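Residue numbers (the working numbering): -5 to 207. Using N, Cα and C, we set each Cβ at its ideal position, and we do this for glycine too. Please read these numbers as outputs of a predicted model, since none were measured by experiment.
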């Protein structure tokens, strides 16, 4: 995969360690769900590094001083159902005031293309910076569809994409279709297999988060 400036691979040791737990087929539903949330929190820390700050005057118990605080920029997170739901609480731990929208997409088993079945957004979504959440970026079809929907239907101008594991094919597609969208991932794996699953990946994230088959 060629180097792309809008792709951020987060290689923090804690992230890599937790990712090993997710990959292990022996990891049960409870632990898998908890670790997905923990990874989302750690990734959110990096994905929000560019939030703007302003000077504020605060009186401490010792003296009055000028310090940095967030400017109050509005944020929203949009999980792609259903696996993206596993990342929501981890983000809200850091940004409890963020609003949450939902996009429901399923992958057509024949074409592997996304089909929308649900969409609900905060009324002021167009005024917010949006982070789309989905643990896996495989073909890039769902991510591209979600980005397209937010841009065209809701007028969102600033979008980031957060995935735990990505395939090179998915990154290439999202970057090709939406070069303005920054992508944050904890790992870029080898490839997609014939069933459009990431190799070596971690299996079906939705099934492992919710205990379904």
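| Asked | Found |
| --- | --- |
| Could you give the DSSP three-state label for residue 3: helix, strand or coil? | strand |
| Rounded to whole angstroms, what is the Cα-Cα separation between residue 177 and residue 56? | 43 angstroms |
| Consult DSSP for residue 12 and reduce its assignment to one of helix, strand or coil. | helix |
| I'd like to know whether the C-beta atoms of residue 41 and residue 125 end up nearer to each other than 8 angstroms. | yes |
| At a cut of 8 angstroms, does the region 139 to 155 reach the region 102 to 122 through at least three beta carbon pairs? | yes |
| Look at residue 132 and residue 190 and say whether their C-beta atoms are less than 8 angstroms apart. | yes |
| Leaving out five residues before and five after residue -5 in sequence, what residues of the same chain have Cβ atoms less than 6 angstroms from its Cβ? | The pLDDT assigned to residue -5 is 47, lower than 50, so where the model puts this residue is not dependable; a value taken from the coordinates is nonetheless given after this. Taken in chain order, the residues that qualify are 162. |
| Let me know the secondary structure DSSP gives residue 202 once reduced to three states. | helix |
| Could you check which residue in 37, 62, 25, 160 has the C-alpha nearest to that of residue 48? | 62 |
| Between the C-alpha atoms of residue 201 and residue 90, what's the straight-line distance to the nearest angstrom? | 27 angstroms |
| Output the boundary residues of the alpha helix (DSSP H) element that contains residue 29. | 23 to 41 |
| Just list the alpha helix (DSSP H) runs in the region 78 to 137, keeping only unbroken ones of 4 residues or longer that don't cross its boundaries, in chain order. | 82 to 88 |
| Closer than 6 angstroms by C-beta to residue 51: which residues in its own chain qualify, once you throw out the five before and the five after it? Chain order, please. | 60 |
| Need the endpoints of the alpha helix (DSSP H) that residue 288 sits in, please. | Absent from the structure is residue 288, since the part of the chain shown begins at -5 and ends at 207. |
| Report the rounded CA-to-CA distance for residue 226 versus residue 53, giving the unit in angstroms. | An answer regarding residue 226 cannot be provided, because it is not within the stretch -5 to 207 covered by the chain. |
| Is residue 80 closer than 8 angstroms to residue 203 when the C-beta atoms are compared? | yes |
| Identify which residue in 15, 143, 193 has its Cα closest to the Cα of residue 110. | 143 |
| Which partner residues does residue 73 have in the DSSP bridge list? | 127 |
| Report buried or exposed for residue 172, applying the criterion of at least 16 other Cβ atoms within 10 angstroms of its Cβ. | buried |
| Looking only at its own chain, which residues have a Cβ that is under 7 angstroms from the Cβ of residue 207, when we skip the five neighbours before and after it? | 201 |
| Are the Cβ atoms of residue 208 and residue 88 separated by less than 8 angstroms? | This structure does not reach residue 208, given that the chain is present from -5 up to 207, and the question cannot be answered. |
| Taking C-beta to C-beta, are residue 291 and residue 84 nearer than 8 angstroms? | This structure does not reach residue 291, given that the chain is present from -5 up to 207, and the question cannot be answered. |
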